[in-house]
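Participant: Chains W and B, in that order, are what the protein sequence lines are. 73 is the number that numbering that gives the first Met the number 0 gives to position 74 of the first sequence; each next residue is one higher, with no gaps. 372 is the number that numbering that gives the first Met the number 0 gives to position 373 of the second sequence; each next residue is one higher, with no gaps.
2 protein chains.
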Amino acid sequence: MSTAAPALLRPRAAPALPARLARSAAVTGAGHHMRTDEVVGWLARRTRAHRFRVERVPITELDGWSFTPGTGDLVHRSGRFFSVAGVWVDVPGGPTGRWRQPIVHQPEVGVLGVLAKEFDGVLHFLTQAKMEPGNPNLIQLSPTVQATRSNYLRVHRGAEVRYLSHFMRPERILTDSLQSEHGSWFFRKANRNMLVGTVEDEVLLADDFCWLTLGQIGELLRLDHVVNMDARTVVACFPMAVPEAGALHSDVELLSWLTGERARHDVDVAAIGRAGVDGWEHDTKTLGRPYGRYFRITGVAVEAGSREVTGWSQPLLEPSGTGIAAFLYRHIGGVPHVLAHAKVEAGHLNTVELAPTVQATPGNWEHLPIESRPPFLDSVLTAAERGLVRYEATHSEEGGRFLDADIRYMFVPTDEETAPLTPRAGYQWLTVGQLNSLTAHGHYVNVQARTLLACLNSGAVRL
Amino acid sequence: MSTAAPALLRPRAAPALPARLARSAAVTGAGHHMRTDEVVGWLARRTRAHRFRVERVPITELDGWSFTPGTGDLVHRSGRFFSVAGVWVDVPGGPTGRWRQPIVHQPEVGVLGVLAKEFDGVLHFLTQAKMEPGNPNLIQLSPTVQATRSNYLRVHRGAEVRYLSHFMRPERILTDSLQSEHGSWFFRKANRNMLVGTVEDEVLLADDFCWLTLGQIGELLRLDHVVNMDARTVVACFPMAVPEAGALHSDVELLSWLTGERARHDVDVAAIGRAGVDGWEHDTKTLGRPYGRYFRITGVAVEAGSREVTGWSQPLLEPSGTGIAAFLYRHIGGVPHVLAHAKVEAGHLNTVELAPTVQATPGNWEHLPIESRPPFLDSVLTAAERGLVRYEATHSEEGGRFLDADIRYMFVPTDEETAPLTPRAGYQWLTVGQLNSLTAHGHYVNVQARTLLACLNSGAVRL
């Protein structure tokens with residue numbers, strides 16, 4: 000009993016897309032718009048074209064921001080954007096047990112959107128030279144659209160978000176999922192990661208924007224501090240087809256292992272007021288921890304010409320020291336596999352997500368005996384000292400919320416002795432294709448693992 | 000650079016499984032162990048073989064249960080099992096806005112596991128005749144294993160859970176995901192839904208157990224109160240291959256729509272003490288709502304011979320009146336599609352999940368004008384009155400936590416006038432195959448939609 004014409008139907012999957020993405024990844028030296036070696040100079044010119052100034056100010060003197068009496072939360076007078084609140088965490092059997100910490104609370108879901116268009120038969124992606132106050136070099140390459148809900152609803156009465164309409168009413172959706180961000184710093188934050196295609200003949204190119212191939216983005220991912228976190232996470236979600244002969248574990252076995260990891264962790268997390276967090280000291284300048292471990296909350300004042308608004312001040316979370324995020328990898332049956340960690344992070348919605356083999360800030364562990372440090376951390380540090388890493392670059396985390404949050408990203412080859420095929424509890428081998436497939440859904444692959452996946456998707460590294 | 004033999008690799012997907020499940024669904028009249036028309040009699044004999052008695056008792060007289068001073072939560076002295084606490088909910092723009100309600104809190108993840116084995120080339124599934132105090136007929140067909148973590152860690156010092164080892168150390172995993180349960184009654188509860196195969200020659204058959212084909216389970220799903228909720232949700236997760244020429248929306252479009260639904264709902268939910276819930280009255284007998292709407296908390300005392308323990312008392316949540324869960328469906332381009340509702344439920348981890356087109360208890364809406372009632376409710380009720388439903392059966396929800404929680408499950412054909420191809424906001428058409436695929440992951444398909452999907456997977460109904 001058919002009530003509509005068969006022409007209404009379409010295939011459930013678009014089989015041509017992965018081949019088109021692979022073709023774009025193969026184009027590295029120059030795209031339709033710019034040579035790859037011109038991009039860094041162009042970013043520097045965009046920085047000079049605007050009059051950006053960012054300076055540290057005491058958190059008690061931030062315009063529009065104040066500590067709420069009672070809860071002690073640091074909030075904006077509009078009630079929007081984000082706040083610095085607290086969280087109480089109980090991880091029975093975990094290395095740290097129970098603790099309380101300040102955490103950034105941002106319930107709004109923002110859009111991180113990349114627009115794709117073919118030039119001469121090759122997909123290009125529209126990137127933006129975007130200033131964020133926490134970036135060490137201020138301007139980095141961002142997605143086409145990087146907007147909180149407050150941004151695009153124009154709560155701060157700023158300029159319209161360019162190209163937003165492509166994401167509010169997409170012509171052709173290529174991927175769209177809610178992905179978590181830093182679970183140690185954010186309370187259950189997720190952003191919408193979108194890749195959208197356009198078939199418009201002409202997309203007007205605004206000043207701060209540039210079309211790049213996936214291969215060009217890959218080249219730029221070999222440099223420090225060029226491709227911002229928001230661009231990296233969207234590139235990680237690009238639905239690639241990785242040619243692989245098979246995997247150590249089938250997809251069902253892999254999901255079952257992760258289900259088991261989620262089931263065995265009885266994590267209890269509760270949002271509390273910032274005032275309920277002991278052991279963090281708040282003076283007029285910053286909110287931090289004795290001995291400077293973990294992170295502190297710092298204030299900045301910003302003057303800018305190219306942002307939606309021309310000046311503002313805000314708090315930023317400033318981590319103590321450079322982090323490390325590294326995948327150990329092996330060729331198993333000739334197919335590259337990475338060793339993922341099912342990692343509990345306080346701010347994750349669903350207990351654990353897949354993280355790199357090592358994700359840690361070494362400085363936070365130096366005071367502890369070696370057996371208490373994160374597994375594989377010393378292997379990675381030793382490999383880095385000896386130059387035995389396959390890929391290494393330092394990238395910045397979200398510069399709109401974090402100040403100088405640098406992470407050294409690495410791929411490190413390993414062997415049966417260091418990382419056997421049957422790994423220790425909480426770790427598992429999976430192929431690059433399996434890691435990529437999981438990004439079709441939210442809350443599987445954490446944001447640090449997604450940066451490393453972006454390097455694989457774009458060809459910045461081949462294992 | 001290969002460090003291991005290619006024999007280590009296996010395919011990411013097991014292509015033979017869907018065909019084996021389809022073959023099992025085609026076997027309806029009799030299985031290896033029992034004729035289908037013998038099952039109800041066997042259940043009745045199992046009921047008589049045990050000496051079950053369930054009687055209502057005042058909630059203040061439950062052995063081992065008491066109201067915690069301060070929070071007012073109803074808890075067990077062991078601190079395990081579950082508790083009745085409260086929740087505060089804010090759904091801006093939702094039909095109800097803000098409210099507080101009691102809610103069942105059960106942070107432990109349990110196992111709902113079905114064991115599969117071939118007899119004469121046909122997959123059979125091991126079901127159990129299991130008593131749950133809230134079932135109207137006490138004994139129903141359950142999965143092979145239906146155990147909370149307290150059960151299988153033997154917190155209540157009861158008997159060992161039979162067949163548990165097949166799920167703790169599975170030989171062959173066919174599906175395994177964390178699925179939510181009733182979001183209006185449970186706070187973020189999820190259970191592990193597992194289908195596991197065995198290649199053992201002999202699996203010892205215990206007294207209360209029975210091997211059935213998927214087709215036999217389908218036949219039994221046409222009867223009221225025979226297949227319990229735990230069995231239904233696992234059957235819903237069976238990875239079927241539904242032969243479909245295509246879909247109205249590609250998988251990516253469907254996920255994007257759901258991502259958008261999650262992003263646009265700014266739901267705020269906080270766990271609170273039960274004492275913080277206004278408007279619910281607690282006397283010595285029950286905890287309920289004036290006018291008896293929604294549900295009340297009731298106490299029962301149980302005497303049983305076949306359970307892990309021989310007698311106990313506990314609270315149960317008793318809904319007021321029979322609910323309705325119905326999918327409207329249409330053939331689009333010759334392919335059956337159901338109309339899913341992206342429904343906000345207070346207890347859901349991830350804001351919204353896909354629910355049936357109508358999921359409501361009509362009695363809770365009778366006092367409201369017709370335009371305030373849930374969309375499509377009247378269409379479904381009218382179709383039911385006129386006998387225009389394709390499938391209808393009344394099933395019990397989880398009898399270990401709910402008392403006489405009956406839902407009338409229906410599939411109702413519809414047309415362009417009632418339910419156009421471009422539906423109202425919050426609703427979307429998807430194929431049966433798409434609905435099935437989503438159960439590979441958690442938190443997409445809610446428990447009521449999974450009961451309806453179990454009817455499709457098992458052939459209880461064909462659209």
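Beta carbons are placed, not taken as given, at the ideal position from N, Cα and C, and that holds for glycine.
#1: From residue 236 of chain B to residue 256 of chain B, what distance separates their C-alpha atoms?
#2: Which value, in whole angstroms, describes the spacing of the CA atoms of residue 27 of chain W and residue 8 of chain B?
#3: Taking only beta carbons into account, state which residues of the stretch 242–258 of chain W come closer than 7 Å to chain B, listed in chain order.
#4: Whose C-beta lies closer than 7 Å to the C-beta of residue 300 of chain B among residues of the same chain, with five residues either side of it excluded?
#5: Which full runs of the beta strand (DSSP E) of 3+ residues lie inside the stretch 186–213 of chain B, going along the chain?
#6: Under 8 Å, Cβ to Cβ, is there at least one residue of chain W near residue 108 of chain B?
#7: Using 8 Å for Cβ pairs, my map puts residue 39 of chain W next to residue 296 of chain W. What's the rounded Cβ distance?
#8: Could you tell me which residues DSSP pairs with residue 129 of chain B in its beta bridges?
#9: Taking the C-alpha atoms as reference points, what is the distance between residue 287 of chain B and residue 72 of chain B?
#10: Please confirm if residue 433 of chain W has its CB atom under 8 Å from at least one CB of chain C.
#11: Suppose the cutoff is 7 Å on Cβ atoms and the five residues either side in sequence are ignored; what does the same chain contact list for residue 460 of chain W look like?
#12: Residue 368 of chain W: buried (16+ other C-beta within 10 angstroms of its C-beta) or exposed?
#13: Within 10 angstroms of the Cβ of residue 314 of chain W, are there 16 or more other Cβ atoms? Answer buried if so, exposed if not.
#14: Is it the case that the Cβ atoms of residue 109 of chain B and residue 168 of chain B are separated by a distance below 8 Å?
#15: Could you give the first and the last residue of the continuous alpha helix (DSSP H) run that contains residue 255 of chain B?
#16: Taking C-alpha atoms, which residue in B:140, B:421, B:324 and B:207 lies nearest to residue 217 of chain B?
#17: Identify the residues that DSSP records as bridge partners of residue 393 of chain W: which are they?
#18: When the Cβ atoms of the stretch 368–381 of chain W are set against those of the stretch 199–215 of chain W, are three or more pairs found closer than 8 Å?
#19: Would you mind telling me which residues of chain B sit closer than 8 Å to residue 334 of chain W, beta carbon to beta carbon, in chain order?
#20: Need the endpoints of the beta strand (DSSP E) that residue 310 of chain W sits in, please.
#21: Quick check on DSSP: helix, strand or coil for residue 439 of chain W?
#22: Comparing alpha-carbon positions, which option in W:333, W:376 and W:31 lies nearest residue 355 of chain W?
#23: Could you tell me which of B:36, B:69 and B:428 sits nearest to residue 331 of chain B, measuring between CA atoms?
#24: Where does residue 2 of chain B fall in DSSP's three states?
#25: By DSSP's criteria, residue 341 of chain B is part of a beta bridge. Which residues make up the other side?
#26: I'd like to know whether the C-beta atoms of residue 17 of chain W and residue 245 of chain B end up nearer to each other than 8 Å.
#27: Tell me, which residues are paired with residue 358 of chain W by DSSP?
#28: Answer yes if the stretch 432–448 of chain W comes into contact with the stretch 206–223 of chain W, meaning at least three C-beta pairs across the two stretches below 8 Å, and no otherwise.
#29: Are residue 31 of chain W and residue 209 of chain W touching if we call contact CB-CB under 8 Å?
#30: Suppose contacts are defined by Cβ-Cβ distances below 8 Å. Is residue 260 of chain W in contact with residue 337 of chain W by that definition?
#31: Is residue 124 of chain B helix, strand or coil by DSSP?
#32: Nearest to residue 112 of chain W by CA position, among W:270, W:327, W:134 and W:175, is which residue?
#33: Could you name the residues that DSSP lists as bridge partners for residue 379 of chain W?
#34: For chain W, is any of its Cβ atoms less than 8 Å away from the one on residue 349 of chain B?
#35: Using a Cβ cut-off of 8 Å (strictly closer), state whether residue 181 of chain W contacts chain B.
#36: So for residue 298 of chain B, helix, strand or coil by DSSP?
Facilitator: So, from the listed chains and residues:
#1: As a first step, residue 236 of chain B must be located in the second sequence, where it is residue number 237. As a first step, residue 256 of chain B must be located in the second sequence, where it is residue number 257. About 22 Å.
#2: Start at 1 with the first residue of the first sequence, and residue 27 of chain W comes out as number 28. Start at 1 with the first residue of the second sequence, and residue 8 of chain B comes out as number 9. Answer to the nearest angstrom: the Cα atoms are 32 Å apart.
#3: 244, 245, 246, 247, 249, 250, 251, 252, 254, 255 and 258
#4: Counting from 1 along the second sequence, the entry for residue 300 of chain B is found at position 301. Within the same chain, residue 300 of chain B has close Cβ partners 54, 56 and 312.
#5: 189–196 and 208–211
#6: Counted from its first residue, the second sequence places residue 108 of chain B at position 109. Taking Cβ atoms only, chain W reaches closer than 8 Å to residue 108 of chain B, which makes this a yes.
#7: Residue 39 of chain W sits at position 40 when you count from the first residue of the first sequence. Residue 296 of chain W sits at position 297 when you count from the first residue of the first sequence. In fact, because the Cβ distance is near 32 Å, the residues do not count as touching under 8 Å.
#8: Taking the first residue of the second sequence as 1, we reach residue 129 of chain B at position 130. Note: residue 129 of chain B sits in a beta bridge opposite B:139.
#9: Residue 287 of chain B sits at position 288 when you count from the first residue of the second sequence. Residue 72 of chain B sits at position 73 when you count from the first residue of the second sequence. The straight-line gap from Cα to Cα measures roughly 14 Å.
#10: The structure shown contains no chain C; its protein chains are W and B.
#11: One-based indexing of the first sequence puts residue 460 of chain W at position 461. Same-chain partners within the cutoff: 389, 390, 410 and 454.
#12: The sequence position of residue 368 of chain W within the first sequence is 369, counting from 1. Exposed.
#13: Walking along the first sequence from the start, residue 314 of chain W turns up at place 315. That one is buried.
#14: Translated into positions along the second sequence, residue 109 of chain B becomes position 110. Translated into positions along the second sequence, residue 168 of chain B becomes position 169. Not a contact, by the Cβ cut-off of 8 Å.
#15: The residue given as residue 255 of chain B occupies position 256 in the second sequence. 250–263 is the span of the alpha helix (DSSP H), which, as asked, contains residue 255 of chain B.
#16: Counting from one through the second sequence, the residue named residue 217 of chain B turns up at place 218. It is B:140 whose Cα lies nearest to the Cα of residue 217 of chain B.
#17: In the first sequence, counting from the first residue as 1, residue 393 of chain W sits at position 394. According to DSSP, residue 393 of chain W bridges with W:407.
#18: no
#19: In the first sequence, counting from the first residue as 1, residue 334 of chain W sits at position 335. Correct list: 8.
#20: Numbered from its first residue, the first sequence carries residue 310 of chain W at position 311. Its beta strand (DSSP E) spans residues 310–318.
#21: What you label residue 439 of chain W is simply residue 440 of the first sequence in a count that begins at 1. The answer is coil: DSSP assigns residue 439 of chain W none of H, G, I, E or B.
#22: Along the first sequence, one-based indexing puts residue 355 of chain W at 356. The candidate whose alpha carbon is nearest that of residue 355 of chain W is W:376.
#23: The residue given as residue 331 of chain B occupies position 332 in the second sequence. Selected option, being the one with the closest Cα: B:428.
#24: Translated into the one-based positions of the second sequence, residue 2 of chain B becomes position 3. With a pLDDT of 48 at residue 2 of chain B, under the threshold of 50, the modelled position of this residue cannot be trusted, and the question is left open.
#25: Within the second sequence, numbered from 1, the residue matching residue 341 of chain B stands at position 342. In DSSP, residue 341 of chain B forms a bridge with B:353.
#26: Here residue 17 of chain W refers to the residue found at position 18 of the first sequence. Here residue 245 of chain B refers to the residue found at position 246 of the second sequence. Not closer than 8 Å, so no.
#27: Position 359 of the first sequence, counted from the first residue, corresponds to residue 358 of chain W. BP columns for residue 358 of chain W point to W:324.
#28: no
#29: As a first step, residue 31 of chain W must be located in the first sequence, where it is residue number 32. As a first step, residue 209 of chain W must be located in the first sequence, where it is residue number 210. No, the pair does not count as a contact, with Cβ atoms beyond the cut-off.
#30: By one-based count along the first sequence, residue 260 of chain W stands at place 261. By one-based count along the first sequence, residue 337 of chain W stands at place 338. Taking 8 Å as the Cβ cut-off, residue 260 of chain W and residue 337 of chain W do not qualify as a contacting pair.
#31: Position 125 of the second sequence, counted from the start, is the residue given in the question as residue 124 of chain B. Note: residue 124 of chain B maps to strand in three-state DSSP.
#32: Taking the first sequence and counting its residues from 1, the one referred to as residue 112 of chain W is at position 113. Closest by alpha carbon: W:175.
#33: The residue given as residue 379 of chain W occupies position 380 in the first sequence. According to DSSP, residue 379 of chain W bridges with nothing at all.
#34: Locating residue 349 of chain B in the second sequence gives position 350, counting from the first residue. By this cut-off, residue 349 of chain B is an interface position.
#35: Here residue 181 of chain W refers to the residue found at position 182 of the first sequence. Cβ-Cβ to chain B under 8 Å: no for residue 181 of chain W.
#36: Start at 1 with the first residue of the second sequence, and residue 298 of chain B comes out as number 299. If DSSP states are grouped into helix, strand and coil, residue 298 of chain B belongs with the strands.
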